[in-house]
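This report concerns only the one structure given below.
Numbering (our numbering), first residue to last: 164 to 334.
Written as structure tokens, this is what we have:
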């Protein structure tokens with residue numbers, strides 16, 4: 164699968180069963196981020212653009228937060244257990260999660276400024292989309308491929324099941 168974020172989980176040899184819960188999360192986020200990116204490319208009135216952005220941010224925020232939490236609670240500990248002190252990717256990915264959350268809060272806050280700062284919203288939205296693309300690429304390489312290469316199939320399926328159960332608790 165080649166989505167908005169470029170090289171995604173389906174792009175390498177990860178088994179369908181293990182990758183599906185993570186892929187489904189990424190696809191749901193990609194739809195919202197794609198809408199965020201597209202809103203600046205269509206000829207909408209400022210009021211319609213503001214309403215669309217507000218809806219997109221409100222829809223994206225809980226999806227993104229739930230996904231980041233699942234990674235932090237399920238995938239990061241699996242990588243830590245696997246690599247121990249060599250798991251130096253975890254602090255980097257956690258820092259990216261904090262940056263993503265910060266960008267989301269900033270973008271959300273901009274929607275309530277008057278007058279609406281369209282140029283800053285446009286620039287912040289693009290930086291946010293770029294950060295998410297970068298994060299998924301890094302995550303794919305530093306986290307998912309490492310887990311897939313080093314864990315047994317049964318362990319991968321347990322991770323997928325944990326990810327899926329976590330998603331059901333959130334829904």
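Yeah, the Cβ is synthetic: ideal placement off N, Cα and C, and Gly gets one too.
query, result
"Residue 233 (DSSP reduced to helix, strand or coil)", "helix"
"Best match in 320, 313, 282 for proximity to residue 250 [C-alpha to C-alpha]", "313"
"Beta-carbon proximity of residue 260 to residue 231, cut-off 8 angstroms", "yes"
"Reduced DSSP secondary structure (H/G/I, E/B, other) of residue 250", "coil"
"Coarse secondary structure for residue 276, derived from DSSP in three states", "coil"
"Distance between residue 185 and residue 171 (C-alpha atoms, nearest Å)", "Reliability of the predicted coordinates at residue 171 is poor, the pLDDT of 37 falling under 50, and no value is obtained from them."
"Buried/exposed call for residue 195, threshold 16 Cβ in 10 Å", "buried"
"Separation of residue 229 from residue 269, as counted between CA atoms", "18 angstroms"
"Three-state secondary structure (DSSP) of residue 242", "helix"
"Through-space distance from residue 308 to residue 224, alpha-carbon basis", "26 angstroms"
"Other residues of its chain near residue 236: CB distance less than 8 angstroms, five sequence neighbours each side excluded", "329"
"Alpha helix (DSSP H) segment containing residue 205, residue limits", "Where residue 205 is concerned, there is no enclosing alpha helix (DSSP H), given that its DSSP letter is neither H nor E."
"Reference residue 299; option with closest CA among 206, 263, 205", "263"
"For residue 314, the three-state DSSP class (helix, strand or coil)", "coil"
"For residue 202, the nearest candidate out of 303, 318, 289 (CA to CA)", "289"
"Alpha carbon of residue 222 to alpha carbon of residue 284, nearest angstrom", "17 angstroms"
"Exposure label - residue 204; buried when at least 16 CB within 10 Å", "exposed"
"Distance between residue 198 and residue 241 (C-alpha atoms, nearest Å)", "32 angstroms"
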